Ligand SMILES: Nc1nc2c(ncn2[C@@H]2O[C@H](COP(=O)(O)OP(=O)(O)O)[C@@H](O)[C@H]2O)c(=O)[nH]1
Ligand SMILES: [Mg+2]
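Residue numbers (the numbering used here): 2 to 298.
Structure, rendered in structure tokens:
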């Protein structure tokens, strides 16, 4: 039977060999380096779309903040963002949501707009539209594609559509969602974008509609080393997300305890200082781990 330790060893490159050779100091150094790296992996998410599409509200919802909370992005029909504004996640500041100016408000062509907002730093773009995707949205998507970056179309404020449609006697939520989705796809097709995937979202109710599917798609598309960063900032919208977080924390706890055991086994003063430092630099992790302790029983 496969040793469960082997599964974890695969996750930290270069640690298996020193552990097998009983070179505890080398293994501990590798683990420590990896823990530090894991905690500092940056993830920059660009939120763009026309003014009023719901960008700032989406940024706040993603960060688990109400629109009127301190540190929240200003929202409302008259609020416009004139430059890309970074909003680090309150608990994981290495994950930053960028509230971009509406492309229509800048009057720049897509290429210049992307230069202006510094497109290189973004891991991916979310293009939000409230009723109909515009020519600007499509030009932006095409330019993002040319820059070899990923983008995702999000149709916002779906709660409004559902509420309005509920008034019909033959209301069906599934039919309404299909109608909205088809309409977006058709519209984007008409603007020269064939068979796009569109995610239907309400920032007021992230646990409904396609937000979870959006996470699954991002998770699949992201490089392996960035997946945990995205997972940790995901709001706890369903049991599946909570289960995945628990698994990820367990993996980290496994490495922290392995590191601590390795250090205890090697009586080198320099190394134990290094481990203290490693634990100090990741107080968020320790705090997170203790709050999830009951899951790990
Ligand atoms: N019903 C509903 N309203 C929303 C949603 N997202 C944003 N809004 C509202 O739409 C308006 C514009 O949102 P905002 O986030 O400021 O748009 P931005 O200009 O793209 O940043 C605000 O009044 C928000 O409360 C949503 O998911 N559902
Ligand atoms: Mg805004």
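A virtual CB, placed ideally from N, CA and C, is assigned to each residue, including glycine. Predicted model, so just to flag it, every value in this text is computed and none were measured.
- Per DSSP, residue 179 is one residue of the alpha helix (DSSP H) stretching across 174-191.
- Non-local C-beta neighbours of residue 122 in its own chain, meaning closer than 7 Å and more than five positions away in sequence, comprise 45, ordered along the chain.
- Exposed is the label assigned to residue 79, since fewer than 16 other Cβ atoms lie within 10 Å of its Cβ.
- For the options 236, 49 and 247, the alpha carbon positioned closest to that of residue 104 is the one of 49.
- Excluding residues up to 5 positions away in sequence, 166 lie with their Cβ nearer than 6 Å to the Cβ of residue 172 in the same chain.
- With respect to the 8 Å criterion, residue 145 and residue 152 are classified as neighbours on the basis of their beta carbons.
- Between the region 122-131 and the region 68-83, the count of C-beta pairs closer than 8 Å stays below three; the two stretches do not touch.
- Taking the C-beta atoms as reference points, residue 199 is found nearer than 8 Å to residue 156.
- DSSP places residue 45 in the uninterrupted beta strand (DSSP E) bounded by 44-50.
- Not one heavy atom of ligand 2 lies closer than 7 Å to the C-beta of residue 158.
- Here the region 15-30 makes no contact with the region 49-63; the two share fewer than three CB pairs at distances below 8 Å.
- Going by C-alpha positions, residue 52 is about 7 Å away from residue 102.
- Taking 8 Å as the upper bound for CB-CB distance, residue 180 and residue 55 are not in contact here, some 20 Å apart.
- Residue pairing of residue 203 in beta bridges, as defined by DSSP: absent, with no partner found.
- Residue 262 and residue 15 have their C-alpha atoms spaced approximately 18 Å apart.
- DSSP places residue 19 in the helix class (H, G or I) of the three-state scheme.
- Ligand 2 has a heavy atom closer than 7 Å to the beta-carbon of residue 74.
- Residue ranges of uninterrupted alpha helix (DSSP H) with 4 or more members, entirely inside the region 106-140 and ordered along the chain, are 111-118.
- Nearest Cα to residue 91 within the set 240, 265 and 236: 236.
- Counting along the chain, no alpha helix (DSSP H) covers residue 211, and no H or E run does either.
- Ligand 2 never approaches residue 220 closely enough for any of its heavy atoms to be under 7 Å from the residue's Cβ.
- Scanning its chain for C-beta atoms nearer than 8 Å, with the 5 sequence neighbours on each side dropped, one finds around residue 32 the residues 13, 16, 256, 259, 260 and 263, in chain order.
- Residue ranges of uninterrupted beta strand (DSSP E) with 3 or more members, entirely inside the region 63-112 and ordered along the chain, are 86-89 and 96-100.
- Rounded to whole angstroms, the separation of the alpha carbons of residue 83 and residue 220 is 30 Å.
- Residue 57 has its Cβ nearer than 7 Å to a heavy atom of ligand 2.
- Here residue 253 is buried, its C-beta having at least 16 other C-beta atoms within 10 Å.
- Ranking 41, 214 and 58 by CA distance to the CA of residue 205 puts 58 first.
- Residues of the same chain with a CB within less than 7 Å of the CB of residue 188, apart from the 5 flanking positions on each side, are 133 and 134 in chain order.
- If you ignore the 5 residues before and after residue 87, its C-beta comes within less than 7 Å of the C-beta of 97 and 99, all in its own chain and listed in chain order.
- Taking C-beta atoms under 8 Å as the contact rule, residue 246 and residue 232 qualify, at a distance of about 6 Å.
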